[in-house]
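Chemist: Using this note's numbering, the first residue of the sequence shown is number -7, and each one after it goes up by one.
No residue lacks a Cβ here, since even glycine has one placed at the ideal position from N, Cα and C.
Treat the numbers as computed from the prediction; the structure is a model and nothing was measured.
The structure that follows is given in the form of structure tokens.
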Amino acid sequence: MSLAPLLFVSHGSPMFAFDTGLAAQQLARQSTHFDHVQAIVVVSAHWLTHGNYITSSESPQVIYDFSGFPHALYDLLYPACGSSIIAKQVITLFNDNGIEMKADTQRGWDHGVWVPLRHLRPNADKPILQISINVEHDTNQLQHLGQVLKQLRSQNIGIICSGSVTHNLSDTRAKHELVADYAQQFQEWVREAVISKDIEAIKQPSKSPFYRQSHPSSEHYLPLIVALAAIDVYESVNVLTSPILHHTISMESYIWT
């Protein structure tokens, strides 16, 4: 069975939109994997809802869901289209699989969507839809969400799960030279679990003693559960290695093609 690509991306700071370093280069190199998909569905850490929602506007706007950054960041756009038709297709699939999904006609794309896409698809040439993370879902329900997304992959829809392997903002530094040991250790733990396709480990990150420091809150970790549930047993992962930035922010990403 042919599957559209699946990417877990550590999207970092909103300033990643301007980045030209290794993480940005790694994303740009993956662009061709998405050349022939009919659309891309993104699950981002920055849209948390009660219930399950998908964007259905034909022309969603970017959301500047941050403050205190340079003015130039607020001038950036990502002029891709949405698709109400594909949104209906996704809603039907999820409802048929026991997950009630609703359309959101007003929601735009948060920076967990448009910032990495500026590197991955700079021409903004694919319809983009965003799915929310239901805060009422436990890890088993997130796994089920990923399994349904795998069915979308068989319909030639690419999937991006956007979060971060590590995300401790309270311990960041201006410079990148010194890396927090706990962030390095947790990144290695995640990488091993991802390579071995150990969804049970990924669903129980607190088994790593470095999880709580790496993720004081869980929202940036949850898309990784969804991603690993959306892979096929025969797929191997390509690890997009990148330095940990600002002391604690992993930029490592994973792609299955």
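1. How long is the line joining the alpha carbons of D130 and N87, rounded to whole angstroms?
2. Is there contact here, the stretch 90 to 106 with the stretch 159 to 172, by at least three beta-carbon pairs under 8 Å?
3. Is it buried or exposed for K80, if we count other Cβ within 10 angstroms and need 16 for buried?
4. So, W101 versus I32, is the Cβ gap smaller than 8 Å?
5. Taking buried to mean at least 16 other C-beta atoms within 10 Å of its own C-beta, is L14 buried or exposed?
6. Using C-beta distances below 6 Å, list every residue in its chain close to A193, excluding the 5 sequence neighbours before and after it, in chain order.
7. For T277 and L(-5), what's the separation of their Cα atoms in angstroms?
8. Give every residue of the same chain whose Cβ lies closer than 8 Å to the Cβ of D57, excluding the five residues on either side of it in the sequence, and list them in chain order.
9. Beta carbon of G155, beta carbon of Y213: below 8 Å?
10. Indicate whether A9 and V107 have their beta-carbon atoms separated by less than 8 Å.
11. Any idea what DSSP makes of N230, helix, strand or coil?
12. Taking the alpha helix (DSSP H) that V82 falls in, what are its first and last residues?
13. Near I223, which residues of its chain fall below 6 Å by C-beta distance, leaving aside the five closest residues on each side in sequence?
14. What's the gap between the Cα of L(-1) and the Cα of G74?
15. Taking V231 as the reference, which of A64, V140, E180, V218 has the closest Cα?
16. Using only CA atoms, which one of S228, E169, M243 lies nearest to S234?
17. Considering G150, what are the terminal residues of the beta strand (DSSP E) in which it resides?
18. Expressed to the nearest angstrom, what Euclidean distance is found between the alpha-carbon atoms of Q30 and P215?
19. Any chance you could list the alpha helix (DSSP H) runs of at least 4 consecutive residues sitting entirely within the stretch 92 to 170, in chain order?
20. Just the C-alpha distance for L109 and R21, rounded to the nearest angstrom, thanks.
21. Report all residues from its chain with a CB closer than 8 Å to the CB of L121; omit the five preceding and five following residues, and keep chain order.
22. For T41, which beta-bridge partners are listed by DSSP?
23. Whole-angstrom Cβ separation of S245 and S36, contact assumed at under 8 Å?
24. Would T41 pass as a contact of S146 if the rule is Cβ separation under 8 Å?
Modeler: This is what the structure holds:
1. Along the sequence shown, one-based indexing puts residue 130 at 138. Along the sequence shown, one-based indexing puts residue 87 at 95. If you take the alpha carbons of D130 and N87, they lie about 18 Å apart.
2. The answer is no - the stretch 159 to 172 does not touch the stretch 90 to 106, with fewer than three Cβ pairs under 8 Å.
3. Reading the sequence shown from its first residue, position 88 is the one you call residue 80. Answer is exposed; the Cβ neighbour count stays below 16.
4. The residue given as residue 101 occupies position 109 in the sequence shown. The residue given as residue 32 occupies position 40 in the sequence shown. With contacts defined as CB atoms closer than 8 Å, W101 and I32 fail to qualify as a contacting pair.
5. If you number the sequence shown from 1, residue 14 lands on position 22. With fewer than 16 other Cβ atoms from the protein chains shown falling within 10 Å of its own Cβ, L14 counts as exposed.
6. Position 201 of the sequence shown holds residue 193. Once the five neighbours on either side are set aside, the close Cβ partners of A193 are A185.
7. Residue 277 is absent from the structure shown; the chain starts at -7 and stops at 249.
8. In the sequence shown, counting from the first residue as 1, residue 57 sits at position 65. If we look at D57 and ignore the five residues flanking it on each side, its Cβ neighbours are H38, D102, H103.
9. For the purposes of this step, residue 155 is taken as residue 163 along the sequence shown, with counting starting at 1. For the purposes of this step, residue 213 is taken as residue 221 along the sequence shown, with counting starting at 1. Yes; because the gap between Cβ atoms is below 8 Å, this pair is in contact.
10. The residue you call residue 9 lines up with position 17 of the sequence shown. The residue you call residue 107 lines up with position 115 of the sequence shown. Note that the C-beta distance between A9 and V107 is below 8 Å.
11. Counting from one through the sequence shown, the residue named residue 230 turns up at place 238. In the structure shown, N230 sits in a strand (DSSP, three-state: E or B).
12. Within the sequence shown, residue 82 is the residue found at index 90, counting from 1. First-last of the alpha helix (DSSP H) with V82: 76 to 88.
13. Sequence index remark: in the sequence shown, residue 223 carries index 231 (1-based). Answer for I223: W248, listed in chain order.
14. Here the question's residue -1 lines up with position 7 in the sequence shown. Here the question's residue 74 lines up with position 82 in the sequence shown. Distance between the alpha carbons of L(-1) and G74: 19 Å.
15. Sequence index remark: in the sequence shown, residue 231 carries index 239 (1-based). If we check each option's Cα against that of V231, E180 comes out closest.
16. By 1-based counting over the sequence shown, the position of residue 234 is 242. Selected option, being the one with the closest Cα: M243.
17. Position 158 of the sequence shown, counting from 1, holds the residue named residue 150. Residues 149 to 155.
18. Counting from 1 along the sequence shown, the entry for residue 30 is found at position 38. Counting from 1 along the sequence shown, the entry for residue 215 is found at position 223. C-alpha separation (whole angstroms): 22 Å.
19. Counting only unbroken stretches of 4 or more residues, the alpha helix (DSSP H) elements lying wholly within the stretch 92 to 170 are 103 to 112, 131 to 145, in sequence order.
20. Position 117 of the sequence shown, counted from the first residue, corresponds to residue 109. Position 29 of the sequence shown, counted from the first residue, corresponds to residue 21. Straight-line Cα distance between these residues: approximately 12 Å.
21. As a working note, residue 121 is residue 129 in the sequence shown. Only A31, I32, V33, V34, I46, T47, S48, G74, S75, I78, A79, V82 meet the Cβ criterion.
22. For this step, residue 41 is matched to residue 49 along the sequence shown. Answer is N126.
23. Working through the sequence shown from its first residue, we reach residue 245 at position 253. Working through the sequence shown from its first residue, we reach residue 36 at position 44. Contact between S245 and S36 is ruled out by a C-beta separation of about 14 Å, above the 8 Å threshold.
24. Translated into positions along the sequence shown, residue 41 becomes position 49. Translated into positions along the sequence shown, residue 146 becomes position 154. Taking the C-beta atoms as reference points, S146 is found no nearer than 8 Å to T41.
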